[in-house]
Amino acid sequence: MTQQQYPVLWPMPTRWADNDHYGHVNNVTYYSYFDTAVNAWLMHATGTDIRELPALGVVAQTSCQYVGSLSFPDRLQVGLRISRLGRSSITYDLAIFREADNDLELAATGTFVHVYVDAESRKPVEIPAVIRTAAAQLTT
24 MTQQQYPVLW
34 PMPTRWADND
44 HYGHVNNVTY
54 YSYFDTAVNA
64 WLMHATGTDI
74 RELPALGVVA
84 QTSCQYVGSL
94 SFPDRLQVGL
104 RISRLGRSSI
114 TYDLAIFREA
124 DNDLELAATG
134 TFVHVYVDAE
144 SRKPVEIPAV
154 IRTAAAQLTT
């Protein structure tokens with residue numbers, strides 16, 4: 024995977040607290056990077072506080088394949104693209120790159136599925152129009 028395969032690269036700093044006892048970013052933190060990048064990009068791309076929409080994107084599935092080690096104070100870029108835009112769900116393909124010597128080194132790849140549900144009933148609903156319009160920009 025290369026950064027050119029992702030239409031959006033979202034900057035993501037590592038934090039001191041991300042490191043575990045072994046001196047590298049703990050595996051569960053990669054999922055936090057995915058979640059943060061997707062939701063921050065959605066807010067940026069829609070110009071909307073997505074928390075105020077009548078439908079919420081909840082995580083239904085996520086996966087991560089680790090390629091390289093990360094540690095604080097690495098600077099990261101999270102690559103985003105959409106492989107599937109359904110009626111009520113979006114599948115994101117993601118990659119985490121570490122900034123290194125004027126280049127980006129792949130550290131992990133993953134998927135992230137949002138299913139949109141009514142904020143009150145938690146039943147699946149259609150993706151809000153503002154989200155669908157933004158997501159269409161990243162559909163591969």
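Following my numbering, the numbering of the sequence shown begins with 24 at its first residue and continues without gaps. We treat Cβ as the ideally placed atom computed from N, Cα and C, and that holds for glycine. Keep in mind it's a predicted model, so treat the numbers as computed, not measured.
| Check | Outcome |
| --- | --- |
| Member of SER92, ASN62 and LEU93 whose CA lies at the smallest distance from the CA of LEU79 | ASN62 |
| CB of TYR139 within 8 Å of CB of VAL148, strictly | yes |
| Candidates ARG110, THR114, LEU108 and LEU93, of which the one nearest GLU128 by Cα | LEU93 |
| Between the CA atoms of SER112 and ASP46 - distance to the nearest angstrom | At residue 46 the sequence reads Gly, which differs from the Asp that was named. If you take the alpha carbons of GLY46 and SER112, they lie about 36 Å apart. |
| For THR132 and LEU65, the rounded distance between their alpha carbons | 19 Å |
| Beta-carbon proximity check, TYR56 vs LEU99, cutoff 8 Å | yes |
| Spatial distance of PRO96 from SER144 (CA atoms) | 41 Å |
| Nearest to VAL90 (by Cα), restricted to the options TYR115, ARG107 and ILE119 | ILE119 |
| Cβ shell of ALA68 (< 6 Å), same chain only, five flanking positions each side left out | ALA157 |
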